[in-house]
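Below is one structure, written out as structure tokens; comments come after it.
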Amino acid sequence: MTQSANTVPTIELTPLESTLKSLLLDVAEYVHEKNVAEGRRNAEPTVLRFTGGWVRDKLLGVGSNDVDVGINNMTGYQFGLLLKEYMDRPENLEKYRQKQPNGELKHAIASLHKIEANPEKSKHLETVTTRIFGLDIDLVNLRKETYSEDSRNPQMEFGTAQEDAMRRDATINALFYNLNESKVEDLTERGLEDMKKKIIRTPMEPYQTFQDDPLRVLRLIRFASRLGYDIEQKTQEAMRNEIIGEALKLKISRERVGKELEKMLQGPDPRGALQFIDSLGLYPTIFANHQDDAQADTSSWALAYNALEKILKEGSNATTLNVREFLIRDKLESYYAWIIAAFAPWSSVPPRVATGPKAKPLPARTAEVARDSLRADNKTIAVIGDAAQNWQAITDVKNSVLEGRMDGTAAEVRQQVGLHIRSWRKDWRLCILLAIFQEIMNGGKFTNVLQSYDRFLSYIKEQDLQDVFELKPLANGGEIVKALGCKTGPWMSKALDMSIKWQLLHPEITDKEKVLEELSHMPMEELRMAARECLRRGDARIPDSVLDNLVPGELEHLWDTISAHKDTDNATASENLLIAREFLRRWTSNELSEPDAAAANHIYAWASRHALPSAVYAESMEEPSDMLMGVEQKMALMREDKLRSSLSISVIAALDSLFPVHKAADVEDIILALASFTSEADPWTTDDSRTASTAILEKFRTTTPSTPDASFWPVLETILKDRTRPLFTRTRNPAITAAGRKDMHPIPLPRFDTSILDPESKPWRSSDVYAVTVFSWIITQYQATDIGRLESHFPLLVPPILALIDDETNPHKADGCTLLTRLLHPIQQAKSDILQRTNLSSVFTDAIKPCLLSLPTITPEPDSINLLSTAYPTLFLLLKTSYLPKDRQKYTTELTKVLRENLIPSFHHISTLTPSSGTQSTLSSFPHPKLSTLLLNKIHDSLFDLAVHTTKYLQEIIPLIYSTLSNPFGTAYPPLLVAGVAVTRAVILNAHPRIWRWRGEILGAVTACWLSMADEEAAERGKGGEKEELTKLKMQLKGVVYLLKMALENPDEKIAEDEGVVGAKEGFAKELEELAGADEALKELLFGEVDGKDGRYFGA
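If you're matching positions, the sequence shown starts at 13 in my numbering and goes up one per residue.
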């Protein structure tokens, strides 16, 4: 194109630039001469141009060390190789050095860096970067570009100077300086005019320019703000286009976007750049949220960046000057201030909420946007993230200080402010800046807001808090560890924080010994606060994450802290116990000092006392407490008591791992407390407390050293003698002496003993409710091999058992019987005669037998079953242990009494006869079938023990069998019939010599039962399969007939010739036929096949 010489400005080169120009032109001439020498006379002459930004800056009078050299006829790499070839000749380099005698040419060509052609990134032409004469040079060929729709990377080809100019982002960046002609070229014909008018526009149509390379949108904003130019209106319209915005999101890497923003904010006019972004509606595009649908409100954003401009630029206002000098101290902080202003709209958007039990809190929105949209560095993300998280707190603290609303003395307020500043992190000054922006964006006037912050910053300076973040603890970690006598750990950071906290409260003290002294008292208060919070939430465990940060201390100090807080109520006791347990759980000392061992003993005694369940669980004899206390209130008290006890056991368990129980001073009290939690049936026992207690007790039993004071059996003897036996002997039993033997001359008690109404007479029920559980645990410790110890302890064991059996409540009677059973087992296994020597067999028998009278209707059936199912086996075991094997006759006599005086009468008592039509039916109604079944089972057991002696009592037993099996309603409860069949079988097997006399009654009972079942099956037919219980019963009935037939057909030799026996043997088959003939349904019963080896027919 042709340009008038009058309109084209000239460029004055510096000496270095002139030397560079001469060098490049000489290389171009060198290229020409080489072409001629090699026969390429028609080769296109080499034309060189300085292009782009260097030309623009030179015209603006701004120096530049970056020079782009455009080459018309070869790649940059090709020209670079020729340049290096030319400069490798020493005489050539010396020629240019003479032109710069002052040494500016210290480095001629530093190196050539080749940028390879890369089709994948659309760099089809090779370029070179190098450093010549101290200037950064890019060698590149003139080119034209073709773009694809989905990428900003162009397809590069060789082009003309005109094409190279038109492909550039702005007309002012498309100016060339032709080295060959020493003139400026404006090939777009608008570059020079736009510079004169201070306008930014694209050489080609702007929409197409931005669609080809959307990054040019940001580049034009950067140039406009840097140069103070305006953006041409048509260009702005294209920049606002939504399609261009989407292309900017999709085609441009986040790193490039972040780099452009960084250059804008480090330029001379960051406010201008942000204003362009704001006015062009590009904020959602540049600062995009890639996580969810949340959006930032930019309606008041201008207030933020304009406020920062005022703070940075106003010099005459003292308030503004004070704020600026305090908050923005250097160029880097100025840059971060603009970053914070840029992200101000996002800083008020709440962060996303993390989900999942172990999810960590998500970063601030500003941090996410900076990371995802700009690929910002970690420092930038940290600064804007901290500012976003803390600006609201800063506002609150500032207002509290200025309005005098912060609690505490002046020193405490100073401490609080100092701790707040430290929590705002290293760049807290920049965080305050965001708080200023937010107040202004929310409607505060710039002057008023700045004045309030100026006062706040003045307070910080007056209190000497401006360097509080860098404040170091007076005592370092090693000194703290040495002073506290513990190992280092995660708690150290907490200890150092506590030191800082104390130093802020006492800035005048610089003695590290004072700090160390204070640290030794702080851990317990920290732990108490954590414990109180856990109990308030209903937790019984302080999280490890909290304990990791707690400063450890000594056991002695723990005990001092606990004992200082009087735990007269459950709440305080639980708090102290939780503190102790969590302290012990994290205590790491391997050896206890003498003071610590003393403290451990105190803690053992204290925890053992609190472990014991209180009287809130007691059964009141007259139940006055229930009248005064509502059920809900009592349940609440029980929950509190249970928590206290459970925590106490956990304290003992934690202490045992550090200072074993057997080393403690009061071993008996500890074992007593642990034994109180060995029964899962107790309402005060939890799974954890029972597991912990039984584990420690077992460890104590199996590993305790054999020392006189702490060995297992002496400890148990002491507990029995001093703690349990006295609780059970407040009410004297006239049947035994003080030595635990039978009293041969008992003094009878009054007919009505009023002492039984006094709760104090049975403290094991009214107050010391744990006594039965402890005693039960002790009983279970005796094995047959311990018979010597058992016999020596026997006088201590008898009174509690008798007290329980003699109690007026059935549950305690049952407990007594259970404990007696446990005691009898090792006595029986060891074949001890302790019962005979003490004459206590009859005492126990006399105690148990009244229990057998606990029958309906006075005693409810469930209670009766519970007691009798325990009492009868206990009585049977007592008789066996007392008389077998030495005195079989005595055993038989006593067992016969039980059968005739208790079992049979009790059965008839509860199987009430039902009147009908003025006469009494022979059919029993069995109103208590479960209890009747229980009694039949016990009768069955006694018959096998009586063996052949059963024959003496058939007259009493056979009617009992008949009434049971002939009951037409028996099928309603099949277990009753099964028990009746079992007794029948026992009679046949044990009384077979006399069974022939009773065959008719037995057959009558069996056939009646069979027919009742047949009727039941007929009624149920079509409703499903046959009931399993009835099937089992039918097999056993057939087994009874089989056994009866075997007994009659194979009589004992001694009675084989007896006329009645012979008649029964010969006539039994006929009798069966007559029965079967009378009712077809009986054929299977009487003649069905029975496998004598199949136990199912005989109750197996």
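Glycine included, each C-beta is placed from N, C-alpha and C at the ideal position.
C-alpha gap between residue i and residue j, whole angstroms
| i | j | result |
| --- | --- | --- |
| residue 1076 | residue 1053 | 14 Å |
| residue 490 | residue 469 | 36 Å |
| residue 852 | residue 627 | 33 Å |
| residue 962 | residue 1002 | 6 Å |
| residue 478 | residue 472 | 6 Å |
| residue 1081 | residue 1018 | 16 Å |
| residue 359 | residue 399 | 8 Å |
| residue 365 | residue 775 | 57 Å |
| residue 24 | residue 81 | 17 Å |
| residue 927 | residue 937 | Residue confidence for residue 927 is low, a pLDDT of 41 falling below 50, so the modelled location carries little weight; the figure read from the coordinates is stated next. Cα to Cα, the separation comes out at about 10 Å. |
| residue 1048 | residue 813 | 41 Å |
| residue 351 | residue 481 | 22 Å |
| residue 420 | residue 514 | 15 Å |
| residue 890 | residue 789 | 21 Å |
| residue 818 | residue 620 | 31 Å |
| residue 452 | residue 315 | 7 Å |
| residue 417 | residue 409 | 9 Å |
| residue 929 | residue 1043 | In this prediction, residue 929 has a pLDDT of 38, which is less than 50 and means its spatial position is unreliable; what the coordinates show is noted afterwards. Spanning the two alpha carbons is a distance of roughly 36 Å. |
Among the options, the one whose alpha carbon lies nearest that of residue i
| i | options | result |
| --- | --- | --- |
| residue 1066 | 510, 1004, 886 | 1004 |
| residue 998 | 955, 963, 1030 | 955 |
| residue 611 | 566, 550, 587, 644 | 566 |
| residue 953 | 729, 885, 965, 1014 | 885 |
| residue 692 | 407, 154, 704 | 704 |
| residue 222 | 1020, 591, 211, 262 | 262 |
| residue 236 | 206, 259, 812 | 206 |
| residue 630 | 582, 676, 695 | 695 |
| residue 697 | 664, 665, 625 | 625 |
| residue 85 | 96, 975, 645, 138 | 138 |
| residue 780 | 1086, 989, 737 | 737 |
Residue i, buried or exposed, once every other Cβ within 10 Å from all chains shown has been counted against 16
| i | result |
| --- | --- |
| residue 426 | buried |
| residue 202 | buried |
| residue 934 | Confidence is the limiting factor: at residue 934 the pLDDT is only 45, short of 50, which leaves the residue's position unreliable, though a coordinate-based value still follows. Result: exposed. |
| residue 632 | Because residue 632 sits at a pLDDT of 45, beneath the cut-off of 50, its placement in the model cannot be relied upon, and the following sentence gives the value as read from the coordinates. Residue 632 should be labelled exposed. |
| residue 276 | buried |
| residue 862 | exposed |
| residue 735 | buried |
| residue 605 | exposed |
| residue 438 | exposed |
| residue 1089 | exposed |
| residue 674 | buried |
| residue 653 | buried |
| residue 1177 | With the chain represented from 13 up to 1112, any question about residue 1177 goes unanswered, as that position is not in the structure. |
| residue 1068 | exposed |
| residue 550 | exposed |
Pair within 8 Å by beta-carbon distance, residue i and residue j
| i | j | result |
| --- | --- | --- |
| residue 336 | residue 344 | no |
| residue 286 | residue 349 | no |
| residue 83 | residue 152 | yes |
| residue 182 | residue 199 | no |
| residue 362 | residue 308 | no |
| residue 731 | residue 712 | no |
| residue 660 | residue 785 | no |
| residue 995 | residue 973 | yes |
| residue 922 | residue 958 | no |
| residue 321 | residue 283 | yes |
| residue 831 | residue 787 | yes |
| residue 190 | residue 219 | no |
| residue 179 | residue 209 | no |
| residue 78 | residue 65 | yes |
Could you tell me which uninterrupted beta strand (DSSP E) segments, each at least 3 residues in length, are contained entirely in the segment 440-475, listed from first to last along the chain?
Runs of the beta strand (DSSP E) inside the segment 440-475: none found.
Continuous alpha helix (DSSP H) assignments of at least 4 residues falling wholly in the segment 357-421:
377-386, 390-414
Whole alpha helix (DSSP H) elements within the segment 780-814, 4-residue minimum
Positions of the alpha helix (DSSP H) runs, each at least 4 residues long and wholly inside the segment 780-814, are given as 783-792 in order along the chain.
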